[in-house]
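Visitor: What follows is a structure written as C-alpha cells; I'll ask about it next.
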Amino acid sequence: MSGELIPGARSSENALEPTGASVPLAAWQGLSTPQDSPAFNWGRYWSAVKRYKWLVLGIAILGTGIGVLLASLQKPEYEVNASVWVSMDQPSRNGGPIVAEDPMDASTWVNLLLSRRIVDNIVRKRHLYITPENPADTALFGNFDLAPTFGTGAYTLAVNSAGNEYVLMAGDKTIERGAVGDSIGRKIGFLWQPSTTMLRPGQTVEFTVVRPTSAAADIANRITGTMPERSSTLRLQLTGNDPQRAASTMNALLEEFVHVSTDLKRANYVEVVNTIGDQMQQADSLLHASQEAYQRFKVHTITLPSEGGALPAGAETSQGQNQNPMLAGDPVTANFMQLKVQQQSLQQDEQALEQVLAQAKSGTLTPDVFLAIPSVHTQGKALETVINKLYLKEDSLRAMRQIYTDDYKGVKDLQQEVTTLKAQTVPTLTRQLIGQLKAQDAELQNRINGSSRELQKIPARTIEEMRLQNDMLIAQQLANRLRTNLQEAKLAELSVTPEVQVLDTAIAPAMPTNAQAGFRILFMAVAMGLAGGIGLAFLLDRVDPRIRYPEQVTHEMGLNILGAVPHIRKQKDGVLDPEETAQVIESFRTIRLNLAHEHMGGSPIIFTVTSPGPGDGKSLVSANLALSFAEAGYRTVLVDGDIRRGELHAMFGLDRRPGLTDYLIGEAPLDTVLRDSSHENLSVLPCGTRRHRGPELLVSEGLAHLMAELQRRADVVIVDSPPLGAGVDPFIMATATKNMLMVLRTGISDRKMAEAKLTLVDRLPVRVVGVVLNDIRQAGAYRYYSYLYGYSVVDEDVPQLESEVGALTGKRS
6 MSGELIPGAR SSENALEPTG ASVPLAAWQG LSTPQDSPAF NWGRYWSAVK
56 RYKWLVLGIA ILGTGIGVLL ASLQKPEYEV NASVWVSMDQ PSRNGGPIVA
106 EDPMDASTWV NLLLSRRIVD NIVRKRHLYI TPENPADTAL FGNFDLAPTF
156 GTGAYTLAVN SAGNEYVLMA GDKTIERGAV GDSIGRKIGF LWQPSTTMLR
206 PGQTVEFTVV RPTSAAADIA NRITGTMPER SSTLRLQLTG NDPQRAASTM
256 NALLEEFVHV STDLKRANYV EVVNTIGDQM QQADSLLHAS QEAYQRFKVH
306 TITLPSEGGA LPAGAETSQG QNQNPMLAGD PVTANFMQLK VQQQSLQQDE
356 QALEQVLAQA KSGTLTPDVF LAIPSVHTQG KALETVINKL YLKEDSLRAM
406 RQIYTDDYKG VKDLQQEVTT LKAQTVPTLT RQLIGQLKAQ DAELQNRING
456 SSRELQKIPA RTIEEMRLQN DMLIAQQLAN RLRTNLQEAK LAELSVTPEV
506 QVLDTAIAPA MPTNAQAGFR ILFMAVAMGL AGGIGLAFLL DRVDPRIRYP
556 EQVTHEMGLN ILGAVPHIRK QKDGVLDPEE TAQVIESFRT IRLNLAHEHM
606 GGSPIIFTVT SPGPGDGKSL VSANLALSFA EAGYRTVLVD GDIRRGELHA
656 MFGLDRRPGL TDYLIGEAPL DTVLRDSSHE NLSVLPCGTR RHRGPELLVS
706 EGLAHLMAEL QRRADVVIVD SPPLGAGVDP FIMATATKNM LMVLRTGISD
756 RKMAEAKLTL VDRLPVRVVG VVLNDIRQAG AYRYYSYLYG YSVVDEDVPQ
806 LESEVGALTG KRS
C-alpha cells in the first residue's frame, strides 16, 4: 500500500524487522546512566550458554563418546589377597659374641617376598614371561623354555588347515616354518615343542614373550604387602587381568616364600655353628698354650729353693680355693704377692691392648685377640660387649650376603655398622681400658713401693706361677663356654622350624576391582565435555566483538540506553502478533519520551540517527521514531541523509528525486524537495539524486541553512545518516544537527568498530544523546526491558489490531 511504513521492510542497511521486546530503563527515570559492573553477572553467562547451546551440546556429546571409548578399552583388573603368619620370636641365645641376630624385620619379610630369588624362580617355573592372548591356550606353553639368547615381542603361531605345518610370525614378518610336532622358535631362542594333539588344524595362537626379569619386575610392582606394627600377620595383594592366573601366581609365591625363608633360617644356624667352631679352635689353642707354659715353669722350678721353703706343687693363687701355707701365715707377703701379680697382669694386658690398638690403626683388627686378654673380661665389660656385638654384626652381614647383593641397603647398613665398630667404637673403648689399667697400675705401684723393702727377697717365680695359673684358668673358662654354645647351636640347627606359615591362600575373585572404573570414566568424560563446552562458550562470549548485553553499552562504552526495540515474530500466516506489535509501539514511545526529555527547553528536537555498520536497523528506527513523534502531535521532518544508499522514500511510497543533494547543489528549492507523507504531521526529505561529489555537498553552507530552516518549520528533525563505517557523511550530519543517536543491533553491531568511531565523534562538536538497542530478545539480560502483555492501548471504535499496528505502520487510526 502506498504511503505505508512496514516494520518488516528493509532499509538500505538491510535492517531486520522489529522483533522481540525489551524496554530500556523505566521511562519515568529518564535516561539510563552507566552503573558499576556487578561482580559476577550470572545472566550474561547463562545467555552465553544458551547462545552456544549447540556447541556446548556437541562438545558434551564428543566427551561422552570419548568416555565410552575409554571405558570400552578399560581392561578388567582383579585383586587376589592372601595372608602369612611370620614368627618374630628370637631363639634363646646365651653365648655372647657367638650368637647372630636374626636380621628379618617386618620390611625385610616383604623385601624377601619380592626378591629376585623368589619372584624370578616363580616366573621361570610357571612361564609367567609368556602371556597368551587367549587364556585357554595357556596349556600349550607347559614345556616352554628360553635359551640364553632369545627374542621378545608379540608372536603369532598359525597351523594350516591340514594340521601338519605351522608358521611362526612376529607381526607381518615370518620367523619360522616347520612341521607340527617339531621344536618351534629355535631361531629366536625358544625351547618349545608342543605335542601334535595340542595343536588343532587351523588354530591360531597369539602370545607375547618378555624377559623373565621384566615379568618379575611387573609382578613385584603389582604386589603390595603390609605388616602392621606389633603384628605377625603379613597381608599381601596381587592385581592382574586374569583372576585364575593371579591366584595361582600368588599361591606359588607363598609356597616359594615359605621354602626360601626356611632355608635361610637353616643357613643362618649353619653359619653360627661354623663361627662357634672356629672360635672353639682358637680357645683350645689358647688353653693348650697356657697349660704348656705352666708345665714348663713347674719343670724348671720344681727343684729350686724358695724363701721360707719350697713352694708346694699345685699351690693356688689368691683366687684359688687353697692358698700357699707360707703365704697364708704372712699377710704382708701374701698381699704383696697379690699386688705384684695384679700389676704384672695389668701391664701385660696393657701391652696387649696397645698392640691390638696398633693393629686397629693399620686396619688389621681381629676381634678374636681380645678373648686372650683377661682384663677385657674382668674390667672391660663395655669393650667385651662391643666385641660381642661386632661378632653379631659380622655374622648377620655374612647371613645377609647369602640373600642379597652388596648394593642392598640392609647389607650396606650392616657393613657401615661393622666398619664403625672396628674403626671407632672398639679403638675408643680400648684406649679407655688402657687408661683405666694405667691408673690401676699407678695405684698398685704406689702400694707396692710402700712395702717393697720388706718383700724384695720374695722369689719372682712365685708371682710367675700365679700368673700362669690365672691364664690357664681363664682359658679353661672360655673353652668351656664356647663348647656349651657350640652344642646349643648344633641342636638349634637340627630343630629348625619354618618361621613363615600361610594363613589364607589366594582365591580367584569373581568380580573385577575396577568394575566401577568404567562408570567413573564415563561420568568424568561427560562432566569434562560439558564443562569444556560451557568454558568454550564463556570464552567465545568474552572475545565476541558484537553487542550482546546492556552493560557493554553502559559500562564499557559509557553511553546511555534510551530504549530497546524488541524482536517481533510473524505468525504462520505472515501476520504480526498483536501483543508483540504493541511491545514495539511501546518501545518507540519510550524512546520518544527520553528524547523529548533530553531536549527540554522549548527548542526543536533535532538529531542524527546512525549505527556502526550496515544491517543495524538505523533507517527502520529513524522511520518508526519519526512516526511516533508525528503520532504524538509533533511536526516532524524525516531527512534521508544517506546520499549513497538511502531508501526512506521507498518506505513511504515517495519519489527519490528531487531530494537532499538536489537542494544542496541548488537545483531544487526546499518546498519542492520536502514532501508530505501519508501520515499526519510527518514530512519526508528524500536523499535525492546520487552524485559522486555528494559528500562534498554535505560540507557546504547549504546543509547548515537547511537544518536551520527545518528547525524553524518543524518541532522534530530526524536525520537518517549512513553507518559510521561508510565514510564522513554521518560525522558531517551529526555536526550539522549537534546531536547523535546511535542504533546498536544486538548480536550484529560491532562493538569495537563503534568504540573506534566514537573516538572520532569525541573530537567533534557532537553530543551522543544515547543508544537505541535494536532486535533484542525478551530473555536473559534483556528480560527486564519488556512490557507487560495485555496492557496494550485499545481503541474501542477501531479493532485492536488495526489501531495498534496503524501507529507502527503509518495507518491513521
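Going by our numbering, the letters in the sequence shown line up with residues 6 to 818, in that order. For each residue, glycine too, the CB sits at the ideal point set by N, CA and C.
1. Should Asn565 be flagged as near chain C, meaning a C-beta pair shorter than 8 angstroms?
2. With distances taken between CB atoms, is the gap from Pro691 to Asp645 smaller than 8 angstroms?
3. Which residues share a DSSP beta bridge with Gly183?
4. Count the other CB atoms, across all protein chains shown, that sit within 10 Å of the CB of His572; report buried if there are 16 or more and exposed otherwise.
5. Contact check, Leu145 vs Pro199 under 8 angstroms by CB: the rounded distance?
6. Hey, is the region 736-750 in contact with the region 707-717, meaning 3+ C-beta pairs nearer than 8 angstroms?
7. Please return the same chain residues whose Cβ sits closer than 7 angstroms to the Cβ of Pro310, not counting the five positions on each side in sequence.
8. I'd like to check one pair, Ile512 with Val85: are the Cβ atoms closer than 8 angstroms?
9. Would you mind sorting His602 into buried or exposed? The rule is 16 or more other CB atoms within 10 Å of its CB.
10. Does the region 167-184 come into contact with the region 203-213, if we say contact requires no fewer than three beta-carbon pairs (one atom in each stretch) closer than 8 angstroms?
11. Quick one: measure Cβ to Cβ for Leu362 and Ser380, integer angstroms, because I've assumed they're closer than 8 angstroms.
12. Could you check if Val304 is buried or exposed, using at least 16 other CB atoms within 10 Å of its CB as the buried criterion?
13. With 16 other CB atoms within 10 Å as the buried threshold, where does Leu765 fall?
14. So, do the region 278-289 and the region 483-492 have three or more beta carbon pairs nearer to each other than 8 angstroms?
15. Note down, in chain order, each residue of its chain lying with its Cβ closer than 6 angstroms to the Cβ of Arg240, except the 5 sequence neighbours on either side.
16. Can you round the beta-carbon distance between Gly158 and Val214 to whole angstroms, since I take them to be within the 8 angstroms contact cut?
17. Would you please state the rounded distance, in angstroms, between the beta carbons of Thr435 and Leu508? I believe it to be under 8 angstroms.
18. Nearest-angstrom Cα distance between Leu473 and Ser295?
19. From Leu259 to Leu118, what distance separates their C-alpha atoms?
20. State whether the region 213-229 contacts the region 53-68, with contact taken as three or more CB pairs (one from each stretch) at a distance under 8 angstroms.
21. Out of curiosity, what's the CA-to-CA distance linking Asn686 and Gly538?
22. Is DSSP giving Ser683 helix, strand or coil here?
23. Is it the case that the Cβ atoms of Leu702 and Thr666 are separated by a distance below 8 angstroms?
24. Could you name the residues that DSSP lists as bridge partners for Phe195?
25. Count the other CB atoms within 10 Å of the CB of Asp476; is the residue buried (16 or more) or exposed (fewer)?
26. Could you spell out the range, first to last residue, of the alpha helix (DSSP H) harbouring Gln300?
27. Where does Ile307 land, buried or exposed, given buried means 16+ other C-beta within 10 angstroms?
28. Is Asn686 close to the ligand NAP? I mean its beta-carbon at under 7 angstroms from any heavy atom of the ligand.
29. Pull up the CB-CB distance for Asp647 and Ser726, whole angstroms please, since I reckon it's below 8 angstroms.
30. Is Lys366 buried or exposed, if buried means 16 or more other CB atoms sit within 10 Å of its CB?
31. Where Glu138 and Leu173 are concerned, what is the direct C-alpha to C-alpha distance, given to the nearest angstrom?
32. Please determine, among Val54, Gly63 and Met712, the residue with the shortest C-alpha to C-alpha distance to Val531.
33. Distance, Cα to Cα, Gln353 vs Leu419?
34. Counting Cβ pairs, one atom from each stretch, are 3 or more of them under 8 angstroms apart for the region 627-637 and the region 667-676?
35. Quick check on DSSP: helix, strand or coil for Gly72?
36. Can Asn246 and Pro432 be called in contact, C-beta distance under 8 angstroms?
Guide: Reading it off the structure:
1. Chain labels in this structure do not include chain C; a single protein chain is all it has.
2. Note that the C-beta distance between Pro691 and Asp645 is below 8 angstroms.
3. Paired residues: Tyr171.
4. When all chains shown are included, His572 counts as buried.
5. Right, their Cβ atoms sit about 5 angstroms apart.
6. Verdict: yes, contact present.
7. Any reading at Pro310 must be qualified, since the residue scores a pLDDT of 46, below 50, and its modelled position is unreliable; no value is offered.
8. It is a contact, given that the beta carbons lie within the stated cut-off.
9. Taking a 10 Å sphere around the C-beta of His602, we find fewer than 16 other C-beta atoms and assign the residue as exposed.
10. In the pairwise beta carbon analysis, the region 167-184 is classified as touching the region 203-213: at least three pairs are separated by under 8 angstroms.
11. Separation of the CB atoms of Leu362 and Ser380 is rounded to 13 angstroms, and the pair is thereby denied contact status at 8 angstroms.
12. Per the 10 Å Cβ criterion, exposed.
13. Exposed: under 16 other Cβ atoms inside 10 Å.
14. Judged by Cβ distances under 8 angstroms, the region 278-289 makes contact with the region 483-492, as three or more pairs qualify.
15. For Arg240, where only same-chain residues beyond five positions count, the Cβ hits under 6 angstroms are Ser88 and Thr231.
16. With a Cβ gap of about 7 angstroms, Gly158 and Val214 count as contacting.
17. Their Cβ separation, rounded to whole angstroms, is 49 angstroms, which puts Thr435 and Leu508 out of contact at 8 angstroms.
18. If I take the Cα positions, the gap works out to 7 angstroms.
19. Looking at the two C-alpha atoms, the distance is approximately 8 angstroms.
20. Counting Cβ pairs under 8 angstroms, fewer than three are found: no touch.
21. The alpha-carbon atoms of Asn686 and Gly538 are separated by roughly 54 angstroms.
22. In this structure, DSSP gives Ser683 a state outside helix and strand, which the three-state scheme calls coil.
23. In contact: Leu702 and Thr666 (Cβ atoms closer than 8 angstroms).
24. DSSP, once it has assigned bridges, lists Leu151 as partnering Phe195.
25. Under the 10 Å beta carbon count, Asp476 is surrounded by 16 or more other beta carbons and is classified as buried.
26. Counted as a single uninterrupted DSSP element, the alpha helix (DSSP H) harbouring Gln300 occupies residues Pro248 to Thr306.
27. Around the CB of Ile307, fewer than 16 other CB atoms lie within 10 Å, so the residue is classed as exposed.
28. Summarising the ligand content, the structure contains no ligands, and the ligand NAP is consequently not present.
29. With a Cβ gap of about 6 angstroms, Asp647 and Ser726 count as contacting.
30. Answer is exposed; the Cβ neighbour count stays below 16.
31. Distance from the CA of Glu138 to the CA of Leu173, rounded to the nearest whole angstrom, comes to 15 angstroms.
32. It is Gly63.
33. One Cα belongs to Gln353, the other to Leu419, and the distance between them is close to 34 angstroms.
34. With contact defined as three or more Cβ pairs closer than 8 angstroms, the region 627-637 and the region 667-676 are not in contact.
35. Of the three classes helix, strand and coil, the one that applies to Gly72 here is helix, per DSSP.
36. The Cβ-Cβ distance between Asn246 and Pro432 does not fall below 8 angstroms.
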